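**Student:** Quick one: the structure is below, and I'll ask about it shortly.
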Amino acid sequence: AEEEQAGEEYLFKIVLIGDSAVGKSNLLSRFARNEFDHNSKATIGVEFQTQVVDIDGKEVKAQIWDTAGQERFRAVTSAYYRGAVGALVVYDISRRTTFESVKRWLDELSSEFVIVTFIDVIHFNSIFMVHCDTAMARMLVGNKCDLENIRDVSVDEGKSFAEEEGLFFMETSALESTNVQTAFEMVIRDIYNNIS
Ligand code: GDP
Ligand code: MG
Numbered sequence: 087a088e089e090e091q092a093g094e095e096y097l098f099k100i101v102l103i104g105d106s107a108v109g110k111s112n113l114l115s116r117f118a119r120n121e122f123d124h125n126s127k128a129t130i131g132v133e134f135q136t137q138v139v140d141i142d143g144k145e146v147k148a149q150i151w152d153t154a155g156q157e158r159f160r161a162v163t164s165a166y167y168r169g170a171v172g173a174l175v176v177y178d179i180s181r182r183t184t185f186e187s188v189k190r191w192l193d194e195l196s197s198e199f200v201i202v203t204f205i206d207v208i209h210f211n212s213i214f215m216v217h218c219d220t221a222m223a224r225m226l227v228g229n230k231c232d233l234e235n236i237r238d239v240s241v242d243e244g245k246s247f248a249e250e251e252g253l254f255f256m257e258t259s260a261l262e263s264t265n266v267q268t269a270f271e272m273v274i275r276d277i278y279n280n281i282s
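The sequence shown begins at 87 in our numbering and counts up by one.
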């Protein structure tokens, strides 16, 4: 469990989900450290990075969780989702199968969210209690938009699917650093707006 420290008003847990190799880890390293890894391998153990973001002059801490490669075996556990108030659901615009998987990720997210929200209300602090009756901030992310020449999912398809499902939508490139900051910040801002 995370303790709030003096001067830090908010801590938001945000999860990255989506098929293997869509670029989740690189989106996080680009956002948190402005780094990109061409040969990234699955991280060992579940990892998260905490990033401080300024929203309207308020210091907001985003604890962003990345999978340890267990998505390859469809074995992302409830612990991963527990307490999350935001999610980036990532696909690769050059691999259609990863876009087709998004529905399954959303289903998993919503079934876990119902359970974890209930548990959080019992165990955690007021931040989570505020969230028990609000929707999770979710963004659909079409990553690798630098691969325009081998695009397999159109922008319009991504956009309309996101609209149908009530998600924010953005195409990103962790490689070229396109929209990465914006995508994370939109999710963080939406959570913040929901509680303030
Ligand atoms: P994860 O399994 O979803 O965490 O994906 P990774 O972040 O490990 O990335 C998988 C592969 O895709 C790696 O070889 C990355 O270098 C590559 N990759 C990640 N993001 C991008 C991107 O925006 N553009 C391109 N062209 N390649 C990317
Ligand atoms: Mg990864």
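Heads up, the beta-carbon is just placed ideally off N, CA and C, and yes, glycines get one too. Please read all numbers here as calculations on a predicted model, not as lab measurements.
What separation, rounded to the nearest whole angstrom, lies between the Cα atoms of SER187 and VAL108?
**Tutor:** Locating residue 187 in the sequence shown gives position 101, where the first residue counts as 1. Locating residue 108 in the sequence shown gives position 22, where the first residue counts as 1. So the two alpha carbons sit approximately 11 Å from each other.
**Student:** Does the ligand MG have a heavy atom nearer than 7 Å to the CB of LYS230?
**Tutor:** Within the sequence shown, numbered from 1, the residue matching residue 230 stands at position 144. Incorrect: LYS230 has no Cβ contact closer than 7 Å to the ligand MG.
**Student:** Pull up the distance between the alpha-carbon of ASN125 and that of SER111, whole angstroms please.
**Tutor:** Stepping through the sequence shown from its first residue, residue 125 is reached at position 39. Stepping through the sequence shown from its first residue, residue 111 is reached at position 25. Distance between the alpha carbons of ASN125 and SER111 is about 11 Å.
**Student:** Roughly how many whole angstroms lie between the Cα atoms of LEU114 and ALA154?
**Tutor:** Within the sequence shown, numbered from 1, the residue matching residue 114 stands at position 28. Within the sequence shown, numbered from 1, the residue matching residue 154 stands at position 68. For LEU114 and ALA154, the distance between alpha carbons rounds to 13 Å.
**Student:** Please confirm whether any heavy atom of the ligand MG lies closer than 7 Å to the CB of SER187.
**Tutor:** As a working note, residue 187 is residue 101 in the sequence shown. Result no, Cβ not under 7 Å from the ligand MG.
**Student:** Shortest alpha-carbon distance to ILE277 belongs to which of GLY169, LYS230, ILE236?
**Tutor:** On the sequence shown, position 191 is the one that residue 277 refers to. For the residues GLY169, LYS230, ILE236, the minimum Cα distance to ILE277 belongs to GLY169.
**Student:** Once you ignore the five residues that flank VAL216 on each side, which residues in its own chain have a CB closer than 6 Å to its CB?
**Tutor:** The residue given as residue 216 occupies position 130 in the sequence shown. With a pLDDT of only 39 at VAL216, under 50, the local geometry of the prediction cannot be trusted, and the value read off the model is given with reservation. Excluding residues within five positions, the ones whose Cβ falls inside 6 Å are ILE281.
**Student:** Under the DSSP definition of a beta bridge, which residues are partnered with PHE254?
**Tutor:** For this step, residue 254 is matched to residue 168 along the sequence shown. PHE254 pairs with MET225.
**Student:** The ligand MG and SER111: does the residue's C-beta get closer than 7 Å to at least one heavy atom of that ligand?
**Tutor:** The residue labelled residue 111 in the question sits at position 25 within the sequence shown. SER111 Cβ: within cutoff of the ligand MG.
**Student:** Just list the beta strand (DSSP E) runs in the segment 109-193, keeping only unbroken ones of 3 residues or longer that don't cross its boundaries, in chain order.
**Tutor:** Correct list: 133-141, 144-152, 172-178.
**Student:** Identify, in the order they occur along the chain, each residue of the same chain with its Cβ nearer than 7 Å to the Cβ of ARG181, setting aside the five sequence neighbours on each side.
**Tutor:** To locate residue 181, count along the sequence shown from 1; it is residue 95. Within the same chain, ARG181 has close Cβ partners ASP238.
**Student:** Let me confirm a value: GLY252 is counted as buried when at least 16 other C-beta atoms fall within 10 Å, else exposed. Which label applies?
**Tutor:** If you number the sequence shown from 1, residue 252 lands on position 166. Exposed, by the Cβ-count rule.
**Student:** CB-CB under 7 Å to ALA269, same chain, minus the five flanking residues each way: which ones, in chain order?
**Tutor:** Numbered from its first residue, the sequence shown carries residue 269 at position 183. Hits under 7 Å: LEU174, MET225, VAL227, MET256, THR258.
**Student:** Run the CB neighbour count on VAL171, radius 10 Å, all protein chains shown included, and call it buried at 16 or more, exposed below.
**Tutor:** Residue numbering aside, residue 171 sits at position 85 when the sequence shown is read from its first letter. By the neighbour-count rule (16 or more Cβ atoms within 10 Å), VAL171 is buried.
**Student:** Taking only the alpha-carbon atoms, compute the straight-line gap between ALA165 and LEU195 and give it to the nearest angstrom.
**Tutor:** Within the sequence shown, the letter at position 79 stands for residue 165. Within the sequence shown, the letter at position 109 stands for residue 195. Answer to the nearest angstrom: the Cα atoms are 12 Å apart.
**Student:** So is PHE185 buried or exposed if we call it buried at 16+ other beta carbons inside 10 Å?
**Tutor:** The residue labelled residue 185 in the question sits at position 99 within the sequence shown. PHE185 should be labelled buried.
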